[in-house]
Amino acid sequence: MKVITAPLAHLGRAVLALLAITGRVTIFASDGISHFFRPPFYWREFLVALGQIGWLSLPVVGLTAFFTGGALALQIYAGGARFSAEAVVPQIVAIGMVRELGPVLVGLMIAARVTSSIAAEIATMKVTEQIDALVTLSTHPMKYLTAPRVLAALLVVPLLVGVGDIIGIFGGYVVGTQQLGFNPASYIKNTVDFLEFTDVFSSMVKGCVFGGIAATMGCYFGMQSGRGAQGVGQATKASVQAAAVLILAANFLLTSVFFSS
Amino acid sequence: MITLENVHKSFGPKKVLQGVNLEIPKGESMVIIGGSGTGKSVMLKSVLGLVTPDKGTITVDGQDVTNAQSSKERDAFLARFGMLFQGGALFDSMKVWENVAFRLLRGSLKKPLAEARSISIEKLRRVGLSPDVADLYPSELSGGMQKRVGLARAIAAEPEIIFFDEPTTGLDPIMSGVINDLIREIVVEMGATAMTITHDMTSVRAIADKVAMLHNGVIQWTGPIVQMDESGDPHLDQFTHGRADGPIESIR
Chain V
1 MKVITAPLAH LGRAVLALLA ITGRVTIFAS DGISHFFRPP FYWREFLVAL
51 GQIGWLSLPV VGLTAFFTGG ALALQIYAGG ARFSAEAVVP QIVAIGMVRE
101 LGPVLVGLMI AARVTSSIAA EIATMKVTEQ IDALVTLSTH PMKYLTAPRV
151 LAALLVVPLL VGVGDIIGIF GGYVVGTQQL GFNPASYIKN TVDFLEFTDV
201 FSSMVKGCVF GGIAATMGCY FGMQSGRGAQ GVGQATKASV QAAAVLILAA
251 NFLLTSVFFS S
Chain L
1001 MITLENVHKS FGPKKVLQGV NLEIPKGESM VIIGGSGTGK SVMLKSVLGL
1051 VTPDKGTITV DGQDVTNAQS SKERDAFLAR FGMLFQGGAL FDSMKVWENV
1101 AFRLLRGSLK KPLAEARSIS IEKLRRVGLS PDVADLYPSE LSGGMQKRVG
1151 LARAIAAEPE IIFFDEPTTG LDPIMSGVIN DLIREIVVEM GATAMTITHD
1201 MTSVRAIADK VAMLHNGVIQ WTGPIVQMDE SGDPHLDQFT HGRADGPIES
1251 IR
């Protein structure tokens, strides 16, 4: 009998744990967001977060997008050649970058770069009692640590996605014109003519949602950190995993909302 | 006056506090002693609201701190406290002077930048640090200096109540002596109520007006420091003399 019930019990426990953590994260996120509107707002922390999340992520975002755009152009050219459709390279690169690869890759890079550093920083602060110290100094940790970072990510990640989209298309353009023999002017014209407002808008919305997920996960797992170096390591790992999976899941949902007719 | 009445706190199956009763009169220096892991820190953090007790009441000047307060009330409540953390708990992303002036740079006690900085440097001088330390980062300081900065931060906003969590742990005997003397001087000079946690007996003798010993989740003994050596309490005697044999089990 136990052979049958044991896996069911495991499954049940896993589902309950998942529901519990969903609840906790939701409460945490809404608490964090509520602090945007309840003064004081820590502008200095917000500006630092803008720089950390936005400005300093530009190189990695640019490189990722450039190489991806280039590879995409090569793939589409090779694939398209099988049914004499090589000419669609500019259009497919544009749509592929703007709708999917731009936001997702930027989101994942932000999860790797920003979520991990937020989680490790906050977890270390927790382990060394700096969070308790904040409270004794009449400063709400959610207001001081979480709200500025989450707001900064919500605002700046869409911009990063925009930059990523453009650089990705540029990567495709470089490969297309230098290697595949496309005419530069018509490559650009085809790209611009083909993209619609919805494509760009969906890209920005995805960036906003992914940024929110990345910063919230970093803050949440940092605040929940256990003791010692192991606790910090665990918190960092869990935050990046959760952010990456949630970004991909959210991407699927948003894509269905925007493009399934 | 700080009053703890029948305070209980468990973490999972582990019962840490099991009915703590203690009074700390205004302006007195109370030192809580007890072995590692007996719940001294939990007790102190309960008063600050960093830990919520499962049962019992804690009042500060008659105001109940265990019930939910509005954020304004809580701000006003916390503004009366200063705390020196065991590891210093300095914010490593900020310079030393910004750490000390943390309260003065934001929130209800906000002061102009220049004034906050000069108060900060004044407090650093009070704990024996020169003004050129102000622009360093905490990681550039030795353990003893970090403790002093922590002390300066705790007293920066002139609190009425100061908590010290193991102020001499990890310091050499001379630096311990310096910190003990500083704590004593500052508490007397500011007329503050002080609550210190320690297991360093030298520290106890230097700082305390009164001593309370926490054991098995309750206050085992409490009384003025002068009575500590003649208490006749076997638990307290074992602890103050650091004996391995006695009623307190040495294997934990």
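Protein chains in written order, with my numbering: chain V, 1 to 261; chain L, 1001 to 1252.
The beta-carbon is built from N, C-alpha and C at its ideal position, and this holds for glycine as well.
Presumed contact (8 Å Cβ cut-off) between residue i and residue j, rounded CB distance
i	j	result
A1194 (chain L)	M1030 (chain L)	7 Å
P1138 (chain L)	V1149 (chain L)	7 Å
L1017 (chain L)	I1058 (chain L)	About 11 Å separates the two Cβ atoms, so there is no contact after all.
T1196 (chain L)	I1024 (chain L)	Their Cβ separation, rounded to whole angstroms, is 11 Å, which puts T1196 (chain L) and I1024 (chain L) out of contact at 8 Å.
I1179 (chain L)	K1147 (chain L)	6 Å
E129 (chain V)	G222 (chain V)	Not quite, the Cβ-Cβ distance comes to about 14 Å (not below 8 Å), so this is no contact.
I1161 (chain L)	R1080 (chain L)	6 Å
G102 (chain V)	V161 (chain V)	5 Å
R99 (chain V)	D199 (chain V)	6 Å
F1163 (chain L)	I1183 (chain L)	In fact, because the Cβ distance is near 11 Å, the residues do not count as touching under 8 Å.
L987 (chain L)	I1219 (chain L)	Since the first residue shown for chain L is 1001 and the last is 1252, residue 987 (chain L) is missing from the structure and cannot be characterised.
S1120 (chain L)	W1097 (chain L)	4 Å
G950 (chain L)	L1214 (chain L)	Since the displayed chain L opens at 1001 and closes at 1252, residue 950 (chain L) lies outside it and no answer follows.
A1152 (chain L)	D1181 (chain L)	15 Å between Cβ atoms; not a contact.
I1155 (chain L)	G1107 (chain L)	Contact doesn't hold; Cβ gap of about 17 Å is too wide.
T1274 (chain L)	Q1086 (chain L)	Past the boundaries of the shown model lies residue 1274 (chain L); chain L is included only from 1001 to 1252, so the question cannot be answered.
T136 (chain V)	L1236 (chain L)	No, T136 (chain V) and L1236 (chain L) are not in contact; Cβ-Cβ is about 30 Å, not under 8 Å.
D1064 (chain L)	K1095 (chain L)	About 38 Å; that fails the 8 Å criterion.
K1009 (chain L)	D1054 (chain L)	5 Å
Any non-hydrogen atom of the ligand ZN closer than 7 Å to residue i Cβ
i	result
A9 (chain V)	No copy of the ligand ZN appears in this structure; indeed no ligand is present at all.
Amino acids of chain L, ordered along the chain, whose beta-carbon sits closer than 9 Å to that of residue i
i	result
D132 (chain V)	K1045, L1048, L1050, M1083, F1085, A1089
T236 (chain V)	Residues of chain L passing the Cβ test: none, with the nearest at roughly 17 Å.
Within chain L, the residues that residue i reaches when beta carbons sit closer than 8 Å
i	result
P40 (chain V)	R1106, G1107
E129 (chain V)	F1085, Q1086, G1087, A1089
Per DSSP, the bridge partner or partners of residue i
i	result
W1097 (chain L)	According to DSSP, W1097 (chain L) bridges with nothing at all.
I1193 (chain L)	Rather than Ile, the amino acid found at residue 1193 (chain L) in this sequence is Thr. In the DSSP output, where bridge partners are listed per residue, T1193 (chain L) has L:I1161.
M1213 (chain L)	L:I1033, L:W1221
E1005 (chain L)	L:T1057
L56 (chain V)	DSSP lists no partner for L56 (chain V).
K1026 (chain L)	None, per the DSSP bridge assignment.
F37 (chain V)	Its beta-bridge partners do not exist; DSSP assigns none.
K1014 (chain L)	L:F1011
V1020 (chain L)	L:V1007
Closer than 7 Å at the beta carbon, the chain V residues around residue i
i	result
F1102 (chain L)	L137
D993 (chain L)	Because chain L is modelled from 1001 through 1252, residue 993 (chain L) falls outside the range shown and cannot be assessed.
Partners in chain V for residue i, counting only beta-carbon separations shorter than 8 Å
i	result
L1078 (chain L)	V135, T136, L137, S138
Residue-level contact to chain A via CB, residue i, 8 Å cutoff
i	result
L16 (chain V)	Absent from the structure is chain A; the protein chains it does hold are V and L.
Report task. Report yes or no: do three or more beta-carbon pairs, one from the region 235-242 of chain V and one from the region 116-123 of chain V, lie closer than 8 Å? Result -> Enough Cβ pairs lie closer than 8 Å, so yes.
Report task. May I ask you to verify whether the region 84-93 of chain V touches the region 1035-1055 of chain L, counting CB pairs closer than 8 Å and requiring at least 3? Result -> As far as the Cβ criterion goes, the region 84-93 of chain V does not touch the region 1035-1055 of chain L, which means the pair count is below three.
Query raised in the report: Which runs of the beta strand (DSSP E) fall wholly inside the region 1034-1120 of chain L and span at least 3 residues, in chain order?
Result: Fully contained in the region 1034-1120 of chain L are the following beta strand (DSSP E) runs of length 3 or more, in chain order: 1055-1060, 1081-1084.
Report task. Answer yes if the region 139-153 of chain V comes into contact with the region 253-260 of chain V, meaning at least three C-beta pairs across the two stretches below 8 Å, and no otherwise. Result -> The region 253-260 of chain V is not in contact with the region 139-153 of chain V.
Query raised in the report: At a cut of 8 Å, does the region 162-177 of chain V reach the region 60-72 of chain V through at least three beta carbon pairs?
Result: The region 162-177 of chain V is in contact with the region 60-72 of chain V.
Query raised in the report: Fully enclosed by the region 87-138 of chain V, which alpha helix (DSSP H) runs are 4 residues long or longer?
Result: Whole alpha helix (DSSP H) segments, 4+ residues: 89-95, 102-110, 116-127, 130-136.
Query - Length at least 4, wholly inside the region 175-250 of chain V: the alpha helix (DSSP H) runs in chain order - result: Contiguous alpha helix (DSSP H) elements confined to the region 175-250 of chain V occur at 184-194, 197-223, taking only those with 4 or more residues.
Report task. Would you be able to state if there are at least three C-beta pairs under 8 Å between the region 137-145 of chain V and the region 199-216 of chain V? Result -> Put simply, the region 199-216 of chain V does not touch the region 137-145 of chain V. Fewer than three CB pairs are less than 8 Å apart.
Query raised in the report: Considering only residues of the region 1126-1157 of chain L, which uninterrupted alpha helix (DSSP H) runs meet the minimum length of 4 residues and lie entirely inside it, listed in chain order?
Result: Taking only runs of at least 4 residues, the alpha helix (DSSP H) segments lying wholly in the region 1126-1157 of chain L are 1143-1155.
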